[in-house]
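For reference, the structure is listed below as structure tokens.
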Amino acid sequence: MNQPAIKQPDFPLQRFDTELRRYGFPHLERRSVKTLQVNVGKLCNQACHHCHVEAGPKRSEIMTPATAERIIELAGRSGSGGWIEAIDLTGGAPELNPSFAYLVESARALGIHVMVRCNLTVLYEPDMEYLPEFYRENGVELICSLPCYTAENVDMQRGVGVFGKSVDALRELNALGYGMPNSCLALNLVYNPLGASLPPAQAGLEAKYHEELERLFGIQFHRLFTITNMPIKRFSEQLVRSGELESYMSLLVNHFNPATVDGVMCKELISIGWDGTVFDCDFNQMLEIPARPANSRYEGAGRAAGVSIYDIESLCAFTNARIATGTHCFGCTAGAGSSCGGELSR
Numbered sequence: 000m001n002q003p004a005i006k007q008p009d010f011p012l013q014r015f016d017t018e019l020r021r022y023g024f025p026h027l028e029r030r031s032v033k034t035l036q037v038n039v040g041k042l043c044n045q046a047c048h049h050c051h052v053e054a055g056p057k058r059s060e061i062m063t064p065a066t067a068e069r070i071i072e073l074a075g076r077s078g079s080g081g082w083i084e085a086i087d088l089t090g091g092a093p094e095l096n097p098s099f100a101y102l103v104e105s106a107r108a109l110g111i112h113v114m115v116r117c118n119l120t121v122l123y124e125p126d127m128e129y130l131p132e133f134y135r136e137n138g139v140e141l142i143c144s145l146p147c148y149t150a151e152n153v154d155m156q157r158g159v160g161v162f163g164k165s166v167d168a169l170r171e172l173n174a175l176g177y178g179m180p181n182s183c184l185a186l187n188l189v190y191n192p193l194g195a196s197l198p199p200a201q202a203g204l205e206a207k208y209h210e211e212l213e214r215l216f217g218i219q220f221h222r223l224f225t226i227t228n229m230p231i232k233r234f235s236e237q238l239v240r241s242g243e244l245e246s247y248m249s250l251l252v253n254h255f256n257p258a259t260v261d262g263v264m265c266k267e268l269i270s271i272g273w274d275g276t277v278f279d280c281d282f283n284q285m286l287e288i289p290a291r292p293a294n295s296r297y298e299g300a301g302r303a304a305g306v307s308i309y310d311i312e313s314l315c316a317f318t319n320a321r322i323a324t325g326t327h328c329f330g331c332t333a334g335a336g337s338s339c340g341g342e343l344s345r
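Numbering (numbering that gives the first Met the number 0), first residue to last: 0 to 345.
Here's what the structure looks like:
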């Protein structure tokens, strides 16, 4: 029997902007677009409790080859002067998209650095055996989910058996040179808290990860990124069920850190949805709050009227554009801050 959908709370969108103004920031504005984050769809071989994308094995939202080709066209046009520095592929599990290899190889051919948000267990899905060598051949930077160095905590958050497969995958990647000292094959890990709390200090936790993963499994990696769980979609529903949503939002708001504002990822990033709609970040994408190009007829349009990659001639349209914000943005600015590259301040 299907469970009724849980109503998402409607937090006032202006609350975050009010806090910005209190500290002398009129609003958030993008400097330029150095990173193109591409969500290729919601299909995933896992269904994690904290997932703000609500990804899973039964999701049918998948980027088409035509959309992937348009993204590469825009990246090449905008990147002819070295403007786009990186393409960050995410999902779902981005490797499950039929255009995954095309996106990686085409971006590398343009001289653009490629990052892949990998859940590690995807390496053991059918027809995915090629992935480790493919990553290495294309110099892909891997950013891999591993919310703890113990099986109990990882399996609790990501599913039974996930930790064992993740360890096997990390050992396989190490054998290819990923994560090894002085290796240019970057292997970074991601930590998310198990519940309604802020991540601990990144440097200390990274040192503990290095110590325990090497001691227990002989595993090497380069960096650990601590990322705050965003009160969006599946994690928000979990908070509603446990009665912790109000206290978690209060935690984020009360720990607003103005020192993180200049480093938030949306200042130099644009997020492209699986259908080609443009967003200021992956979180806005899941809340369906589209981005607006600067100085255009789209400025100030309603949240349903998104701008598509087919509506623009260049990603430069989003340089100096105002960034759409909401109360969820407190998740990126609480404590040491949070971004796809970990904490923002010490």
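From the three backbone atoms N, C-alpha and C, an ideal C-beta is built for every residue, glycine too.
Practice problem: Report the residue from Ala168, Gly334 and Glu205 whose alpha carbon sits nearest the alpha carbon of His221. | Solution: For the purposes of this step, residue 221 is identified with residue 222 of the sequence shown, where counting begins at 1. The residue with the shortest Cα to Cα distance from His221 is Glu205.
Quiz prompt | Boundaries (first-last residue) of the alpha helix (DSSP H) holding Arg116 | solution = In the sequence shown, the residue the question calls residue 116 occupies position 117. Counting along the chain, Arg116 sits inside no alpha helix (DSSP H); it lies in the beta strand (DSSP E) bounded by residues His112 to Cys117.
Self-check item: Spatial distance of Pro93 from Arg58 (CA atoms)
Solution: Position 94 of the sequence shown holds residue 93. Position 59 of the sequence shown holds residue 58. Taken atom to atom, the span from the alpha-carbon of Pro93 to that of Arg58 is near 13 Å.
Quiz item: Taking DSSP as the reference, what is the three-state secondary structure of Gly186?
Solution: Locating residue 186 in the sequence shown gives position 187, where the first residue counts as 1. The identity of residue 186 in the sequence shown is Leu, whereas the question assumes Gly. In this structure, Leu186 counts as strand in the three-state DSSP scheme.
Quiz item: To the nearest angstrom, how far is it from the Cα of Ser79 to the Cα of Ala293?
Solution: Residue mapping note: residue 79 aligns to position 80 of the sequence shown, counting from 1. Residue mapping note: residue 293 aligns to position 294 of the sequence shown, counting from 1. With a pLDDT of 42 at Ser79, under the threshold of 50, the modelled position of this residue cannot be trusted; read the value that follows with caution. Going by the C-alpha atoms only, they are around 21 Å apart.
Practice problem: Decide if Leu215 is buried, meaning its Cβ has at least 16 other Cβ atoms within 10 Å, or exposed. | Solution: Locating residue 215 in the sequence shown gives position 216, where the first residue counts as 1. Its Cβ having fewer than 16 others within 10 Å, Leu215 is exposed.
Quiz item: Which stretch, first to last residue, makes up the alpha helix (DSSP H) that contains Phe234?
Solution: Here residue 234 refers to the residue found at position 235 when the sequence shown is read from its first residue. Bounds of the alpha helix (DSSP H) holding Phe234 are Lys232 to Ser241.
Self-check item: Val140, buried or exposed, once every other Cβ within 10 Å from all chains shown has been counted against 16
Solution: Translated into positions along the sequence shown, residue 140 becomes position 141. According to the sequence displayed, residue 140 carries Glu and not Val. Burial state of Glu140 is buried, judged by a 10 Å Cβ sphere holding 16 or more other Cβ atoms.
Self-check item: Residue of Ala54, Trp82 and Asn96 minimising C-alpha distance to Thr63
Solution: Within the sequence shown, the letter at position 64 stands for residue 63. Per the Cα distances, Asn96.
Exercise. In angstroms with no decimal places, state the Cα-to-Cα distance between Pro109 and Leu244.
Key: For this step, residue 109 is matched to residue 110 along the sequence shown. For this step, residue 244 is matched to residue 245 along the sequence shown. Just to set this straight, residue 109 is Leu in the shown sequence, not Pro. CA-CA distance, Leu109 to Leu244, rounds to 44 Å.
Quiz prompt | Own chain, CB closer than 7 Å to Pro230, minus 5 neighbours either side, in chain order | solution = The residue given as residue 230 occupies position 231 in the sequence shown. Excluding sequence neighbours, Pro230 sits near Leu238, Leu244, Tyr247, Met248, His327 and Gly330.
Practice problem: Quick one: give me the first and last residue of the alpha helix (DSSP H) that Phe224 is part of. | Solution: Position 225 of the sequence shown holds residue 224. No alpha helix (DSSP H) contains Phe224, which is instead part of the beta strand (DSSP E) from Arg222 to Thr225.
Quiz item: Given Leu169, which residues of its chain have a CB within under 6 Å of its CB, disregarding the five upstream and five downstream residues?
Solution: As a position in the sequence shown, residue 169 is number 170, starting the count at 1. If we look at Leu169 and ignore the five residues flanking it on each side, its Cβ neighbours are Ile218.
Practice problem: Starting from Thr89, follow the beta strand (DSSP E) in both directions and report where the run begins and ends. | Solution: By 1-based counting over the sequence shown, the position of residue 89 is 90. Unbroken beta strand (DSSP E) run through Thr89: Ala85 to Thr89.
Quiz item: Within this structure, are the beta carbons of Leu88 and Leu73 separated by less than 8 Å?
Solution: The residue labelled residue 88 in the question sits at position 89 within the sequence shown. The residue labelled residue 73 in the question sits at position 74 within the sequence shown. Taking a C-beta distance under 8 Å as the contact criterion, Leu88 and Leu73 do not qualify as a contact pair.
Quiz item: Relative to the alpha-carbon of Asp195, which residue among Thr225, Lys207 and Ser235 has its alpha-carbon at the smallest distance?
Solution: In the sequence shown, the residue the question calls residue 195 occupies position 196. Note that residue 195 corresponds to Ala in the displayed sequence, not to Asp. Minimum Cα distance to Ala195 is reached at Ser235.
Self-check item: Contact set for Arg106: own chain, Cβ-Cβ below 6 Å, skip 5 residues either direction
Solution: Within the sequence shown, residue 106 is the residue found at index 107, counting from 1. Position check: residue 106 holds Ala in this sequence, whereas Arg was assumed. Sequence-distant Cβ neighbours of Ala106 in its own chain, meaning closer than 6 Å and more than five residues away, are Ile86 and Val113.
Exercise. Sort Ser338, Lys266 and Phe282 by Cα distance to Lys33 and report the nearest one.
Key: Taking the sequence shown and counting its residues from 1, one reaches residue 33 at position 34. For Lys33, the closest of Ser338, Lys266 and Phe282 by C-alpha to C-alpha distance is Lys266.
Quiz item: How should His51 be labelled, buried or exposed, when 16 other C-beta atoms within 10 angstroms of its C-beta is the threshold for buried?
Solution: As a working note, residue 51 is residue 52 in the sequence shown. So His51 ends up on the buried side.
Quiz item: Is Cys143 helix, strand or coil when you go by DSSP?
Solution: Walking along the sequence shown from the start, residue 143 turns up at place 144. If DSSP states are grouped into helix, strand and coil, Cys143 belongs with the strands.
Self-check item: Environment of Gly299 [buried if 16+ CB atoms lie within 10 Å]
Solution: Your numbering for residue 299 matches position 300 in the sequence shown. Only weak support exists for where Gly299 lies, its pLDDT of 43 falling under 50; the value from the coordinates is given anyway. Exposed.
Self-check item: Start-to-end residues for the beta strand (DSSP E) that takes in Gln36
Solution: Within the sequence shown, numbered from 1, the residue matching residue 36 stands at position 37. It spans Thr34 to Asn38 - the beta strand (DSSP E) in which Gln36 sits, taken as one unbroken run.
Quiz prompt | Same chain, Cβ closer than 7 Å to Arg69, five either side skipped, listed in chain order | solution = Residue numbering aside, residue 69 sits at position 70 when the sequence shown is read from its first letter. A distance below 7 Å between beta-carbons, with the five flanking residues on each side excluded, links Arg69 to the following residues of its chain, in chain order: Gly275, Ile308 and Tyr309.
Quiz item: Do we get a CB-CB distance below 8 Å when we pair Cys143 with the residues of chain B?
Solution: Among the chains of the structure shown, chain B does not appear; only one protein chain is present.
Quiz item: Taking Cβ positions, are Leu193 and His254 nearer each other than 8 Å?
Solution: One-based indexing of the sequence shown puts residue 193 at position 194. One-based indexing of the sequence shown puts residue 254 at position 255. The answer is no: Cβ separation not under 8 Å.
Practice problem: Label Ser338 either buried or exposed according to how many other C-beta atoms from any shown protein chain fall within 10 Å of its C-beta, with 16 as the threshold for buried. | Solution: Counting from one through the sequence shown, the residue named residue 338 turns up at place 339. Buried, because 16 or more other Cβ atoms sit within 10 Å of the Cβ of Ser338.
Quiz item: So, Glu151 versus Asn44, is the Cβ gap smaller than 8 Å?
Solution: For the purposes of this step, residue 151 is taken as the residue at position 152 of the sequence shown. For the purposes of this step, residue 44 is taken as the residue at position 45 of the sequence shown. Judged by their CB atoms, Glu151 and Asn44 are not nearer to each other than the 8 Å cut-off.
Quiz item: Going by the CB atoms, is the gap between Ser270 and Asp261 shorter than 8 Å?
Solution: Here the question's residue 261 lines up with position 262 in the sequence shown. Here the question's residue 270 lines up with position 271 in the sequence shown. No; because the gap between Cβ atoms is not below 8 Å, this pair is not in contact.
Practice problem: Please look up how many angstroms separate the CB atoms of Arg349 and Ile322, rounded, as I've assumed it's under 8 Å. | Solution: In the structure displayed, the chain extends from 0 to 345; residue 349 sits before or after that span and is not available.
Quiz item: Across which residues does DSSP place Thr276 in a beta bridge pair?
Solution: By one-based count along the sequence shown, residue 276 stands at place 277. According to the DSSP secondary-structure assignment, Thr276 is paired through a beta bridge with Ser307.
Practice problem: Answer with buried or exposed for Arg399, where buried requires no fewer than 16 other C-beta atoms within 10 angstroms of its C-beta. | Solution: Within the shown structure, residues of the chain are numbered from 0 to 345, placing residue 399 beyond reach of any answer.
Practice problem: Would you kindly work out how many angstroms separate the C-alpha atoms of Cys143 and Asn319, rounded to a whole number? | Solution: Taking the sequence shown and counting its residues from 1, one reaches residue 143 at position 144. Taking the sequence shown and counting its residues from 1, one reaches residue 319 at position 320. Distance between the alpha carbons of Cys143 and Asn319 is about 31 Å.
Quiz item: Glu84 to Ile111, Cα distance in whole Å?
Solution: Start at 1 with the first residue of the sequence shown, and residue 84 comes out as number 85. Start at 1 with the first residue of the sequence shown, and residue 111 comes out as number 112. Our two residues, Glu84 and Ile111, have alpha carbons roughly 6 Å apart in a direct line.
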